[in-house]
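Student: Letter by letter, the sequence shown follows residues 13 to 377 of this note's numbering.
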Amino acid sequence: MVETRSQRKANPADPTSEMIDGNNNDMNMNNQESNGHVNTDKGPMAMAMAMASTSQPQEESSQASAVSATATKPKTPMVTIASLVLIVLITLFTYPETLQPVGRPTLNHVWYFGWISALSTGLGVLPLIFSPTLDSWWIGVTNAIAAGMMMAASYSLVNEGISFTEEDDTSEISPLLRTAIGAILGLLFILSTKSFLDQHEDLKVAGLAGADARKVLLIIFVMTLHSFSEGIGIGVSFGGTNGSELGVFISASLAVHNVPEGLAVAIVLLPRGISKLTAALWCIVTSLPQPLMAVPAFLFVHAFIPFLPVGLGFAGGAMAWVALFELLMEAIEDTDVLTTGFFSAISLVAMLKMQDIIDEGSRVH
Numbered sequence: 013m014v015e016t017r018s019q020r021k022a023n024p025a026d027p028t029s030e031m032i033d034g035n036n037n038d039m040n041m042n043n044q045e046s047n048g049h050v051n052t053d054k055g056p057m058a059m060a061m062a063m064a065s066t067s068q069p070q071e072e073s074s075q076a077s078a079v080s081a082t083a084t085k086p087k088t089p090m091v092t093i094a095s096l097v098l099i100v101l102i103t104l105f106t107y108p109e110t111l112q113p114v115g116r117p118t119l120n121h122v123w124y125f126g127w128i129s130a131l132s133t134g135l136g137v138l139p140l141i142f143s144p145t146l147d148s149w150w151i152g153v154t155n156a157i158a159a160g161m162m163m164a165a166s167y168s169l170v171n172e173g174i175s176f177t178e179e180d181d182t183s184e185i186s187p188l189l190r191t192a193i194g195a196i197l198g199l200l201f202i203l204s205t206k207s208f209l210d211q212h213e214d215l216k217v218a219g220l221a222g223a224d225a226r227k228v229l230l231i232i233f234v235m236t237l238h239s240f241s242e243g244i245g246i247g248v249s250f251g252g253t254n255g256s257e258l259g260v261f262i263s264a265s266l267a268v269h270n271v272p273e274g275l276a277v278a279i280v281l282l283p284r285g286i287s288k289l290t291a292a293l294w295c296i297v298t299s300l301p302q303p304l305m306a307v308p309a310f311l312f313v314h315a316f317i318p319f320l321p322v323g324l325g326f327a328g329g330a331m332a333w334v335a336l337f338e339l340l341m342e343a344i345e346d347t348d349v350l351t352t353g354f355f356s357a358i359s360l361v362a363m364l365k366m367q368d369i370i371d372e373g374s375r376v377h
């Protein structure tokens with residue numbers, strides 16, 4: 013008996029009917045997949061395809077976050093690059109005919125050796141070039157190291173002022189009293205400067221604002237102040253009877269001495285998001301008074317000598333205050349008293365030892 017088409021469709025046991033229904037189900041599944049909707053009840057292959065499609069946005073989001081993290085690195089402003097180019101040009105065009113003075117030093121020699129001494133301060137950034145981003149604990153350690161260096165420099169400045177002896181010193185006031193007066197003036201200056209900065213909370217410097225900007229300005233002010241006395245020392249050393257030899261040696265000694273001072277500035281600047289080139293430029297800026305003061309001190313050596321102990325005490329007093337009441341306090345907040353004391357003591361002893369080596373060489377000359 014021959015079945016009609018309607019009878020075959022109505023018969024559920026017929027294998028031909030099952031094949032037709034299976035084909036229809038496959039077509040429906042393909043349509044769902046093409047529309048981007050996969051039913052997880054259709055088997056492992058469909059589930060795998062769904063997981064692959066959802067993993068692509070996650071990979072793209074992780075790549076985007078990595079790009080955004082890279083973009084947060086500090087950028088070097090164009091002003092910094094232009095300033096560094098200007099520094100290179102000054103270095104090339106002010107080079108004297110002979111680097112070693114023959115006979116009496118010229119103004120060009122005095123300027124250039126003071127200039128090279130100032131540039132060496134920028135080398136203080138080098139130990140930190142390959143350092144990663146520092147967390148708060150390491151920032152505290154760097155502040156402790158900077159405080160130790162500055163305390164050592166303060167001690168040396170005050171000690172040099174107290175023991176100051178020079179044949180051309182015509183002042184009737186003892187070096188001890190002049191140094192003490194300078195130290196008191198330095199303390200008053202730094203306190204008034206801090207009070208002024210605290211009243212200007214919207215102050216900005218090198219891309220920083222608020223407390224970070226005020227902290228950076230204090231460090232820059234103090235390091236710049238003490239460079240005035242060092243510049244006078246360079247000019248006076250070139251003005252003596254053995255100025256050609258003594259002036260060169262004193263300038264070279266100060267150049268070596270300026271490297272750890274630049275490091276002390278850099279380890280305060282870099283953790284606050286300032287680029288390495290910008291930090292190097294600020295380090296150099298703190299020593300610019302050296303060539304600027306060396307020239308007039310050389311020209312008017314007899315007039316500058318009596319004021320040298322006052323300048324030494326002034327810089328020493330201001331530097332001691334910043335080291336003790338700014339950097340050390342901040343280091344203790346980020347670490348603890350024991351860690352701060354350990355690292356500041358190590359840096360203080362190392363700085364004093366290096367200064368003793370330099371002083372021994374200067375006495376030989």
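Backbone N, C-alpha and C fix where the C-beta goes; we use that ideal spot for every residue, glycine too.
#1: Alpha carbon to alpha carbon, how far is methionine 225 from tryptophan 294?
#2: What are the complete beta strand (DSSP E) segments, minimum 3 residues, inside the segment 128–157?
#3: Residues in the same chain with beta-carbon distance under 7 Å from alanine 267, minus the five sequence neighbours each way, listed in chain order, please.
#4: Give the C-beta separation of proline 301 and phenylalanine 240 to the nearest angstrom, bearing in mind that I take them to be a contact with Cβ-Cβ under 8 Å.
#5: Within the continuous alpha helix (DSSP H) that includes isoleucine 185, where are the two ends?
#6: So the alpha helix (DSSP H) isoleucine 344 belongs to, where does it begin and stop?
#7: Between threonine 118 and the rest of its own chain, which residues show a CB-CB distance below 8 Å, the 5 nearest in sequence each way excluded?
#8: Would serine 263 be called buried (16 or more neighbouring beta carbons within 10 Å of its own) or exposed?
#9: Tell me where the alpha helix (DSSP H) around proline 87 begins and ends.
#10: Isoleucine 32: buried (16+ other C-beta within 10 angstroms of its C-beta) or exposed?
#11: Which first and last residues belong to the alpha helix (DSSP H) in which threonine 290 is found?
#12: Ignore the nearest five residues each way along the sequence and tell me which others in alanine 357's own chain have a CB closer than 8 Å to its CB.
#13: Of all the options Gly328, Thr352, Ala306, Lys288, which has the alpha carbon lying nearest to the alpha carbon of isoleucine 93?
#14: Relative to the C-alpha of lysine 368, which residue among Ala164, Gly173, Ala330 is closest?
#15: For serine 207, count the other beta carbons within 10 Å of its own beta carbon; 16 or more makes it buried, fewer makes it exposed. Which is it?
#16: Just to confirm the assignment, what range does the alpha helix (DSSP H) spanning leucine 2 have?
#17: Exposed or buried, tryptophan 149, counting other C-beta atoms within 10 Å across all chains shown (16 or more means buried)?
#18: Would you grab the beta carbon distance between proline 283 and isoleucine 151 for me? Rounded to a whole angstrom, and I think it's under 8 Å.
#19: Which same chain residues, not among the five before or five after valine 271, have their C-beta less than 8 Å away from its C-beta?
#20: Nearest CA to the CA of leucine 200: which residue from Val248, Phe326, Ser265?
#21: Flag this pair as yes or no: are the beta carbons of asparagine 155 and alanine 343 separated by less than 8 Å?
#22: Determine the direct distance from the alpha carbon of glycine 274 to that of proline 187, and round the result to whole angstroms.
#23: Mind the definition here: the segment 120–127 touches the segment 305–316 only if three or more C-beta pairs lie below 8 Å; say whether that holds.
#24: In angstroms with no decimal places, state the Cα-to-Cα distance between isoleucine 141 and alanine 278.
#25: With the cut-off set at 8 Å, would you say glycine 328 and alanine 195 are in Cβ contact?
#26: Is threonine 110 closer than 8 Å to threonine 290 when the C-beta atoms are compared?
#27: Below 8 Å between beta carbons: does that hold for isoleucine 99 and isoleucine 296?
#28: Within its chain, find whatever has a CB closer than 6 Å to the CB of valine 280; leave out the 5 residues flanking it on each side and keep chain order.
#29: Please work out which residues of its chain come closer than 7 Å, Cβ to Cβ, to phenylalanine 233, disregarding the five sequence neighbours upstream and downstream, and give them in chain order.
#30: Spatial neighbours of phenylalanine 355 within its chain, please: C-beta separation below 6 Å, excluding the five flanking residues on both sides.
#31: Rounded C-beta distance between proline 318 and aspartate 181? I'm assuming under 8 Å.
#32: Hey, how far is the Cα of leucine 364 from the Cα of methionine 90?
#33: Tell me whether glutamine 367 sits in a helix, a strand or coil according to DSSP, three-state version.
#34: Is it right to say alanine 315 is buried, meaning 16 or more other beta carbons lie within 10 angstroms of its own, or is it exposed?
#35: Which residue marks the beginning of the alpha helix (DSSP H) containing phenylalanine 316, and which one marks its end?
Tutor: Based on what the coordinates show:
#1: Looking at the sequence itself, residue 225 is alanine, so the reference to methionine does not match. Whole-angstrom Cα-Cα distance: 13 Å.
#2: Taken in chain order, no unbroken stretch of beta strand (DSSP E) lies wholly in the segment 128–157 with a span of 3 residues or more.
#3: Ile128, Ser129, Ser132
#4: 5 Å
#5: No alpha helix (DSSP H) holds isoleucine 185; DSSP gives it neither H nor E.
#6: Element bounds for isoleucine 344: 340–346.
#7: Around threonine 118, the same chain offers Pro108 as residues with beta carbons nearer than 8 Å, after the five sequence neighbours per side are excluded.
#8: buried
#9: Residue identity differs from the one stated: residue 87 is lysine in this sequence, not proline. Note, lysine 87: premise wrong, no alpha helix (DSSP H); not H, not E.
#10: Confidence at isoleucine 32 is low in this model, with a pLDDT of 42, below 50, so the placement of that residue should be treated as unreliable; the coordinate-derived value is given next. Exposed is the call here.
#11: 288–298
#12: Gly160
#13: Of Gly328, Thr352, Ala306, Lys288, the residue nearest in Cα terms is Lys288.
#14: It is aspartate, not lysine, that sits at residue 368 in the sequence shown. Cα-wise, what sits closest to aspartate 368 is Ala164.
#15: exposed
#16: Nothing can be reported for residue 2, as the shown portion of the chain is limited to 13 through 377.
#17: It counts as exposed.
#18: 4 Å
#19: Ser132, Thr133, Leu135, Gly136
#20: Minimum Cα distance to leucine 200 is reached at Phe326.
#21: yes
#22: 29 Å
#23: yes
#24: 10 Å
#25: yes
#26: no
#27: In this structure, isoleucine 296 lies closer than 8 Å to isoleucine 99 by Cβ.
#28: Ala158, Ile231
#29: Thr205
#30: Val153, Ala156, Ile157
#31: Right, their Cβ atoms sit about 6 Å apart.
#32: Cα to Cα, leucine 364 sits roughly 38 Å from methionine 90.
#33: Note: glutamine 367 maps to helix in three-state DSSP.
#34: By the neighbour-count rule (16 or more Cβ atoms within 10 Å), alanine 315 is not buried but exposed.
#35: 313–316
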